[in-house]
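Asks: I have a structure here, written as structure tokens, and I will follow up with some questions on it.
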Amino acid sequence: MKHLRNPFVQVGLWTAAITAVVGVLVWTVPWEPESASTAAGPIDTLYDVLALISAFVLALVTSILLVAVVHFRKRSPDDLRDGEPIHGHTRLEVVWTTIPALLMVGAAVYSGLVLADIEESKADTQTIRVTGEQFAWTFEYPDQDVRSGALHLVEDQPYQFKITAKDVIHSFWVPQFRMKKDAVPGMTTDVRVTPTRKGEYTLVCTELCGLGHSTMRAPVVVQDQAGFDRWAERVKAGREPQAGGVVPQQGSGGQP
Amino acid sequence: MAAVTTAVHAPPRPGPRNRLTAPGWIRAAWVSLAGAAFCFGLVVGLRAIQNYEPLIDGNAIVTVMLIGVPLFFLVGIGGFDYWGRWMIGRPTQPEDHSDHGARSWKDYFRVNTDHKVIGIQYTVTALFFLLVGGAMAEVIRAELAQPGQQVVDPNTYNGLFSVHASLMIFLVIIPIFAGLANYVLPLMIGAPDMAFPRLNALSYWLLPVAGVMMTASFLVPDSGAFNTGWTAYAPLSTDAPLGQNFFTIGVQFAGTSSIMTALNFIVTIITMRAPGMTFWRMPLLVWANFTTSLLVVIATPFVAGSQFLVLIDRALHANFFDAAQGGDIISYQHIFWFYSHPAVYIMMLPGFGIISEIISTKSRKPVFGYRLMALSLLAILVLGFTVWAHHMFVSGMWNWLRVPMMITTMLIAVPTGIKIFSWLATLWKGVLEMSTPMLFALGFISMFTLGGISGIMLAAIPVDIHTSDSYFVVAHIHYVLFGGSMFTIFAGIYYWFPKMTGRMFDERLGKLHFWMTFVGFNVTFGPMHWLGLEGMPRRVADYADKFAAWNLVSSIGAFLLGAATLVFVYNFIASWAGGPRAPGNPWRARTLEWQVSSPPPIFNFDEIPQVVGGPYEYGVPGSVHAVLNGDREKVAVGADGNGHAAHAAEGNGNGAETRRE
Numbered sequence: 001m002k003h004l005r006n007p008f009v010q011v012g013l014w015t016a017a018i019t020a021v022v023g024v025l026v027w028t029v030p031w032e033p034e035s036a037s038t039a040a041g042p043i044d045t046l047y048d049v050l051a052l053i054s055a056f057v058l059a060l061v062t063s064i065l066l067v068a069v070v071h072f073r074k075r076s077p078d079d080l081r082d083g084e085p086i087h088g089h090t091r092l093e094v095v096w097t098t099i100p101a102l103l104m105v106g107a108a109v110y111s112g113l114v115l116a117d118i119e120e121s122k123a124d125t126q127t128i129r130v131t132g133e134q135f136a137w138t139f140e141y142p143d144q145d146v147r148s149g150a151l152h153l154v155e156d157q158p159y160q161f162k163i164t165a166k167d168v169i170h171s172f173w174v175p176q177f178r179m180k181k182d183a184v185p186g187m188t189t190d191v192r193v194t195p196t197r198k199g200e201y202t203l204v205c206t207e208l209c210g211l212g213h214s215t216m217r218a219p220v221v222v223q224d225q226a227g228f229d230r231w232a233e234r235v236k237a238g239r240e241p242q243a244g245g246v247v248p249q250q251g252s253g254g255q256p
Numbered sequence: 001m002a003a004v005t006t007a008v009h010a011p012p013r014p015g016p017r018n019r020l021t022a023p024g025w026i027r028a029a030w031v032s033l034a035g036a037a038f039c040f041g042l043v044v045g046l047r048a049i050q051n052y053e054p055l056i057d058g059n060a061i062v063t064v065m066l067i068g069v070p071l072f073f074l075v076g077i078g079g080f081d082y083w084g085r086w087m088i089g090r091p092t093q094p095e096d097h098s099d100h101g102a103r104s105w106k107d108y109f110r111v112n113t114d115h116k117v118i119g120i121q122y123t124v125t126a127l128f129f130l131l132v133g134g135a136m137a138e139v140i141r142a143e144l145a146q147p148g149q150q151v152v153d154p155n156t157y158n159g160l161f162s163v164h165a166s167l168m169i170f171l172v173i174i175p176i177f178a179g180l181a182n183y184v185l186p187l188m189i190g191a192p193d194m195a196f197p198r199l200n201a202l203s204y205w206l207l208p209v210a211g212v213m214m215t216a217s218f219l220v221p222d223s224g225a226f227n228t229g230w231t232a233y234a235p236l237s238t239d240a241p242l243g244q245n246f247f248t249i250g251v252q253f254a255g256t257s258s259i260m261t262a263l264n265f266i267v268t269i270i271t272m273r274a275p276g277m278t279f280w281r282m283p284l285l286v287w288a289n290f291t292t293s294l295l296v297v298i299a300t301p302f303v304a305g306s307q308f309l310v311l312i313d314r315a316l317h318a319n320f321f322d323a324a325q326g327g328d329i330i331s332y333q334h335i336f337w338f339y340s341h342p343a344v345y346i347m348m349l350p351g352f353g354i355i356s357e358i359i360s361t362k363s364r365k366p367v368f369g370y371r372l373m374a375l376s377l378l379a380i381l382v383l384g385f386t387v388w389a390h391h392m393f394v395s396g397m398w399n400w401l402r403v404p405m406m407i408t409t410m411l412i413a414v415p416t417g418i419k420i421f422s423w424l425a426t427l428w429k430g431v432l433e434m435s436t437p438m439l440f441a442l443g444f445i446s447m448f449t450l451g452g453i454s455g456i457m458l459a460a461i462p463v464d465i466h467t468s469d470s471y472f473v474v475a476h477i478h479y480v481l482f483g484g485s486m487f488t489i490f491a492g493i494y495y496w497f498p499k500m501t502g503r504m505f506d507e508r509l510g511k512l513h514f515w516m517t518f519v520g521f522n523v524t525f526g527p528m529h530w531l532g533l534e535g536m537p538r539r540v541a542d543y544a545d546k547f548a549a550w551n552l553v554s555s556i557g558a559f560l561l562g563a564a565t566l567v568f569v570y571n572f573i574a575s576w577a578g579g580p581r582a583p584g585n586p587w588r589a590r591t592l593e594w595q596v597s598s599p600p601p602i603f604n605f606d607e608i609p610q611v612v613g614g615p616y617e618y619g620v621p622g623s624v625h626a627v628l629n630g631d632r633e634k635v636a637v638g639a640d641g642n643g644h645a646a647h648a649a650e651g652n653g654n655g656a657e658t659r660r661e
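Chains as they are written, first to last, in the working numbering: chain A, 1 to 256; chain B, 1 to 661.
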């Protein structure tokens, strides 16, 4: 067991142990909310892979740090020794420049592939126009000629959201879909989402837009085609609100 | 705060002056009042000529005053006296160095051209605003401890996080590095002062102007503080009430201060190095401030520009960012981030320099891979200008720009990684002294690694699409700016405290401060990662009930951090007032600032030193970094066999004299 006292061996063991513990946490604890779109899976896997690499890097750094503190600590105030005058080690420096560079290029390529995957245009995509304003969302369905303050979607139907804003910048985010895009006055941005799980979610504004920013949310319902059709009929008949309820401005310093 | 001066540090002041016209607070007060009256008259007069109604328009008057009164104040306090005399052809005051050095605490409240006085002015001002900004953070966390509205209304809340961020960035982190470097950098390179001492004084006095302006915005009637975040995205900022101008204009003063100081550092480092102090013999703190200053002079004009555009939109309706009038909203973000991403490195590179000094000294080892450490700073400088649009992956900018920006953002981790690995290798086989500066330095390495890692996750576009503008980003920036920058700042303050004040700090309280900060920091900001991933957006006064538990934990951590800061403040004040006297070189360090008394003599060195070797040659037998007066013979007999150096030192007496003029 003598070699266990070797600081290099200790760094290796600690790194492996911390990476294992953090790795298990990364892969077992659901860090993100439930996934409800086709984008969620690839994004979560990318996140987990990056988190695992990160866990290893963090484990390596903290292990070296802690082992160095334990092994090379000054023992008494009278200990006036200097350390070994090591000025560098070219091969080592090349290694810790090259390996992170390769890792980063790998991470960039992987991210690029995931990006292409989640933004891919699909057949039979329906378009929904989204308008943000202080402090409400409005959704327009050109195909059904429907306008609503709630976002109703059909399960497994690909959508393209055409997003704009009336006053200031807002941002469209449904955490369960993992997708987000800013709503910018004067231009139309777009984001593609294919919902995959029935349920009720919340769309939140993630770009500071004034006093009502915290409460600028809209209900999101993913349902089957029949349910959606019934809802669209009710909206047309005027039995559902046609636009998002604007949250009254609080305080006196609201935007004009 | 106790006087820290000795007779050596200040020559007698010349005879009595007329207090009403002499530079100082009395003149500053009446000149500022006159300036306010002038601005009032200017606005009202112009409106009268144009027949505008109403004649007295509060917004217009306040806006003009925000620009004008600080300039009058700077004239009054004495920031322009020398140049003013020169410009109007009056005899300039002979440079008798009467405004060098500090005789009493009062001298820190006057215009002073001594880099050591300015360094302390900068540092203490920044620490004051750290407490102000920190108090705002405590109120923010109190409000966020539970869902719903308890402590402040949404307008105040938005003002609090906006002013908190603006103060921490523009009044704390950026200037405190300038303050520490102001104090130690001329000493480190063997210079008697900065290259432009009067410019140095002026750049300091711009700073309290900016800080007071941003803080005072809470007092604006019917508006309150600017509440559009420190990013002040248009068109929210162009439509916001009057308080916004306190940011838009305050940034100009802070930015001008930054640019002037950076120019001063660049010129000082290029022209004021002692003989023998080649670039490859400069301590890494000097390298770090050199690259930082380059970043500042290139990037800061862009934030100034972005805020001027907002100001012009607000005041003159130029409609740069009004989409209905053909304005381009996204362009604000491009201009803003072209400064504000390099700004992250402006807020980090000087800290890298501090850590290199401390790790080397406290491990008694040369910095591992010194040249690569310097080169990696330059790599960060160059790459730092190619990553700004990673803040805009979901902004609606051109899609094609995203992937190149992701690649550069990930690559910038490489030079940063080089630095972290080199520090770790410097620790290895050293003799580590685990005192307070070292604890903060090691805390920095681990926490900054975490901040860097979450940065790489945010660089990955698909992950960023999910986490952008969520609490994950809040966690990330605090791991970088608190776990990174603030830890290096605390490390640097403890490390140079004996040099700057002439007193030793209380080591036990220092350690208590570190551990409370380390725990409090992680409890506060760690949970924010999960909150963000779970779907909590940033900059919200209220949140869904499912986020309540982690928010409460985070708030408890924030209160612990606040308590830790009180320990620091007590230690700082009590040690400065009554700590044991510090020897010249308590850490047995080898860089030049430690080779003179604590605090150093008024012109730093009796004779300009002769540099003969690297700054970190711990453990190298017979190594010498520099030769100061009295040690000449050592080199003459050839401590490292360098007869040439001795000769150069001999011939340098005159050079040193010339530099002091």
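Glycine is no exception: its CB is placed at the ideal position from the N, C-alpha and C atoms.
So which residues of chain A does V620(B) contact, with C-beta pairs closer than 7 Å?
Replies: The answer, in chain order, is P85.
Asks: To which residues of the same chain is L42(B) closer than 7 Å at the C-beta, ignoring the five residues directly before and after it?
Replies: Cβ within range, chain order: V64.
Asks: How close, in whole Å, do the beta carbons of V258(A) and Y159(A) come, if the pair is a contact with beta carbons under 8 Å?
Replies: Since the first and last residues shown for chain A are 1 and 256, residue 258(A) lies out of range.
Asks: Would you say the segment 359-369 of chain B touches the segment 414-432 of chain B, given that touching needs at least three Cβ pairs under 8 Å?
Replies: Yes: at least three Cβ pairs fall under 8 Å.
Asks: Starting from C209(A) and walking both ways along the beta strand (DSSP E), at which residues does that stretch end?
Replies: Looking at the DSSP string, C209(A) is not in any beta strand (DSSP E), and its letter there is neither H nor E.
Asks: Does the CB of L115(A) have a neighbour CB from chain B at under 8 Å?
Replies: At least one chain B Cβ lies under 8 Å of L115(A).
Asks: Assign R402(B) to one of two classes, buried (16 or more other C-beta atoms within 10 Å of its C-beta) or exposed (fewer than that).
Replies: With 16 or more other Cβ atoms within 10 Å, it is buried.
Asks: Determine whether the Cβ of P248(A) lies closer than 8 Å to any Cβ atom of chain B.
Replies: In this prediction, P248(A) scores a pLDDT of 41, lower than 50, which makes its location untrustworthy; the coordinate-derived value is nonetheless stated afterwards. By this cut-off, P248(A) is not an interface position.
Asks: Are the C-beta atoms of L432(B) and some chain A residue less than 8 Å apart?
Replies: So, interface residue.
Asks: Alpha carbons only, please: which of T291(B), Y108(B), L160(B) and R27(B) is nearest the one belonging to Y345(B)?
Replies: The option with the nearest alpha carbon to Y345(B) is T291(B).
Asks: When burial is assigned at 16 or more other CB atoms within 10 Å of the CB, is S121(A) buried or exposed?
Replies: The residue in question, S121(A), is exposed, as its Cβ has fewer than 16 Cβ neighbours within 10 Å.
Asks: Could you pull out every residue in the same chain whose Cβ sits closer than 8 Å to the Cβ of D224(A), ignoring the five residues on either side in sequence?
Replies: Excluding residues within five positions, the ones whose Cβ falls inside 8 Å are V154, E155 and K198.
Asks: Among the residues of its own chain, which have a CB less than 7 Å from the CB of E84(A), if the five just before and after it don't count?
Replies: Cβ within range, chain order: n/a, list empty.
Asks: How many angstroms separate the CA atom of T524(B) from the CA atom of W530(B)?
Replies: Taking the straight line joining both Cα atoms gives about 12 Å.
Asks: Is Y47(A) close to chain B, meaning its C-beta is less than 8 Å from at least one C-beta of that chain?
Replies: Chain B, which has a Cβ nearer than 8 Å to the Cβ of Y47(A), makes this yes.
Asks: Counting contacts by CB-CB distance shorter than 8 Å, is R73(A) in contact with chain B?
Replies: With 8 Å as the cut-off, R73(A) counts as an interface residue toward chain B.
Asks: On the three-pair Cβ rule with 8 Å, is the segment 106-120 of chain B touching the segment 465-480 of chain B?
Replies: Contact between the segment 106-120 of chain B and the segment 465-480 of chain B is absent, because fewer than three Cβ pairs lie under 8 Å.
Asks: Along chain B, which residues have their Cβ under 7 Å away from the Cβ of W96(A)?
Replies: What W96(A) touches in chain B: G417, I418 and F421.
Asks: Around the C-beta of P580(B), are 16 or more other C-beta atoms found within 10 angstroms, so that it is buried, or is it exposed?
Replies: Exposed.
Asks: Beta strand (DSSP E) containing Q258(A): first to last residue?
Replies: No information on residue 258(A) is available, as it lies outside the stretch 1 to 256 that chain A covers here.
Asks: Which class does R192(A) belong to by DSSP, given the choice of helix, strand or coil?
Replies: The answer is strand: DSSP assigns R192(A) an E or B state.
Asks: Hey, how far is the Cα of T386(B) from the Cα of L33(B)?
Replies: Roughly 45 Å separates the two Cα atoms.
Asks: What residues in the segment 436-457 of chain B bring their beta carbon closer than 7 Å to a beta carbon of chain A?
Replies: So the close ones are L442, I445, S446, T449, L450, I453, I456 and M457.
Asks: Who are the neighbours of P219(A) on chain B, taking C-beta pairs under 8 Å?
Replies: Per Cβ cutoff of 8 Å: no residues; P219(A) is ~13 Å from chain B at best.
Asks: Determine the contact status of F139(A) and S148(A), defining contact as a CB-CB distance below 8 Å.
Replies: The answer is yes: Cβ separation under 8 Å.
Asks: Whose C-alpha, out of A107(A), S171(A) and L50(A), is nearest the C-alpha of Y233(B)?
Replies: Of A107(A), S171(A) and L50(A), the residue nearest in Cα terms is S171(A).
Asks: For V163(B) and T202(A), I'd like the C-alpha separation in whole angstroms.
Replies: Between V163(B) and T202(A), the C-alpha separation is close to 30 Å.
Asks: Starting from E155(A), follow the beta strand (DSSP E) in both directions and report where the run begins and ends.
Replies: Per DSSP, E155(A) belongs to no beta strand (DSSP E) and is neither H nor E.
Asks: Cα separation between G79(B) and F128(B)?
Replies: Cα-Cα distance, rounded: 22 Å.
Asks: At which residues does the beta strand (DSSP E) containing Q146(B) begin and terminate?
Replies: First-last for Q146(B): undefined, no H or E at that position.
Asks: Can you give the Cα-Cα distance for T226(A) and Q144(A), rounded to whole angstroms?
Replies: It is worth fixing the name first, because residue 226(A) is Ala in this sequence and not Thr. Near 14 Å, if we compare the C-alpha coordinates of Q144(A) and A226(A).
Asks: Identify the contact partners of G112(A) in chain B, using a Cβ-Cβ distance below 7 Å as the criterion.
Replies: Residues of chain B passing the Cβ test: V403.
Asks: For H87(A) and M373(B), I'd like the C-alpha separation in whole angstroms.
Replies: The alpha-carbon atoms of H87(A) and M373(B) are separated by roughly 12 Å.
Asks: What span of residues does the alpha helix (DSSP H) with T467(B) cover, start to end?
Replies: T467(B) -> alpha helix (DSSP H) spans I461 to T467.
Asks: Whose C-beta lies closer than 7 Å to the C-beta of V11(A) among residues of the same chain, with five residues either side of it excluded?
Replies: Excluding sequence neighbours, V11(A) sits near S63, I64 and V67.
Asks: Name, in chain order, the residues that DSSP records as bridge partners for Q610(B).
Replies: V627(B).
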